[in-house]
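Participant: Following my numbering, the numbering of the sequence shown begins with 1283 at its first residue and continues without gaps. Handing you a structure now.
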Amino acid sequence: MKIGFSSLATPTWSLATIISRAAEFGFDGVELRGLEGELQLARVPALVRDPEAVRRQFAAAKIELACLGSSSSLTGRKPREMAKERTALVEIIELASALGCPFVRTFVGEARPGEYARVALARAVDALLTLAPIASGFDVTILVENTGDFVASEELWFLADAVEHPSVRVCWNQCNAMTVRERPTLSLPRLGRKIGMVHMCDAEFDEQGILMDYKPLGEGHVEAARQVEILRGLLFDGYFMFEWPKLWVPSLPEPDAALPAAATFLRACLDSRQSELTAYKGDKNAPRLAARGGVS
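Here it is in structure tokens:
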């Protein structure tokens, strides 16, 4: 298992700064979700001008470019909209391949007003069935994150199971699942090996599931340490990617403070002694007679 952070936490940092800070703070890799003020990564000159130079930058620092985050979704409401989203995803898949990046992350999206959720999910399945062979051809895996109208694990499981392609997996964000009051003890065992990456974000919620305030890992209601513990038991071998939405919430503490604290927390979770995750409480058929002394 590895730890990383999303560039969502570092909206003012250059690529060189992101890479150097990742190494300094003890992360294994990063996810790029916007760079140089541009959320469409295929339009960022620093990435598209010379992909081989970018590869060398990451390799020299021994940091992995683990994922490219897109702004696309899979449930566009009109054919023209769907075609535009598909084109954008193919562009970022091609860029990921050129950069040697194994994952591209996208969103499920939203249902149309009055539309049954499963109808919208069926559109997402159709989109992924078209995109999965393309991603496979570029040796890239599409990660679908639980966002928008589809944040519950049941919906993401339905999507991944319906597609059933090795180039499509789930990026699980428990913080989003908490908006429907779903705990990791339900989410993570249900999704299991369909999870390719985990976004680690903590926050406080009210009784209705409204997000009140983002918190450092371990200080909110998202049970961050419990997530790591469960996933260790499920033999998860991917990234725990710290997501600190500084881009959306400028009042959050600066990344120079938030990132080292997150790295320390996640390393402590990974290094902790694995607890016994089982309902087994002992042998019900164990002998109840008094123990006899052995023959000397």
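Cβ atoms here follow ideal geometry from the backbone N, Cα and C, with glycine treated the same way.
1) My output table needs one value for residue 1523: the three-state DSSP class, helix, strand or coil.
2) Given a cut-off of 7 Å, decide if residue 1486 and residue 1495 are closer than it, judged by their beta-carbon atoms.
3) Is DSSP giving residue 1410 helix, strand or coil here?
4) Secondary structure at residue 1424, three-state DSSP: helix, strand or coil?
5) Determine the closest residue to residue 1510 out of 1357, 1493, 1467, with distance taken between C-alpha atoms.
6) So, is residue 1492 buried or exposed, given that buried needs 16 or more other C-beta atoms within 10 angstroms?
7) Report all residues from its chain with a CB closer than 7 Å to the CB of residue 1352; omit the five preceding and five following residues, and keep chain order.
8) Taking only three categories from DSSP, how would you classify residue 1364?
9) What is the DSSP secondary structure of residue 1274, counted as helix, strand or coil?
10) Please name the residue or residues paired with residue 1451 in a DSSP beta bridge.
11) Beta strand (DSSP E) containing residue 1355: first to last residue?
12) By how many angstroms is the C-alpha of residue 1482 removed from the C-alpha of residue 1602?
13) What are the boundary residues of the beta strand (DSSP E) that residue 1495 is part of?
Facilitator: Taking the structure as given:
1) Taking the first residue of the sequence shown as 1, we reach residue 1523 at position 241. In this structure, residue 1523 counts as strand in the three-state DSSP scheme.
2) For the purposes of this step, residue 1495 is taken as the residue at position 213 of the sequence shown. For the purposes of this step, residue 1486 is taken as the residue at position 204 of the sequence shown. A contact, by the Cβ cut-off of 7 Å.
3) Position 128 of the sequence shown, counted from the first residue, corresponds to residue 1410. Residue state, collapsed to three classes: helix.
4) In the sequence shown, residue 1424 corresponds to position 142, counting from 1. Residue 1424 falls in the strand class under three-state DSSP.
5) Start at 1 with the first residue of the sequence shown, and residue 1510 comes out as number 228. Ranking the options by Cα distance to residue 1510, first place goes to 1467.
6) As a working mapping, residue 1492 is identified with position 210 in the sequence shown. Exposed is the call here.
7) Walking along the sequence shown from the start, residue 1352 turns up at place 70. Only 1370, 1371, 1374, 1386, 1387, 1388 meet the Cβ criterion.
8) Here residue 1364 refers to the residue found at position 82 when the sequence shown is read from its first residue. Here residue 1364 sits in helix by DSSP.
9) Residue coverage of the chain in this structure runs from 1283 to 1578, which leaves residue 1274 outside it and unanswerable.
10) The residue given as residue 1451 occupies position 169 in the sequence shown. Residue 1451 pairs with 1425.
11) In the sequence shown, residue 1355 corresponds to position 73, counting from 1. Note, residue 1355: beta strand (DSSP E), 1346-1355.
12) Missing from the structure shown is residue 1602; the chain here goes from 1283 to 1578 and no further.
13) By one-based count along the sequence shown, residue 1495 stands at place 213. Unbroken beta strand (DSSP E) run through residue 1495: 1493-1497.
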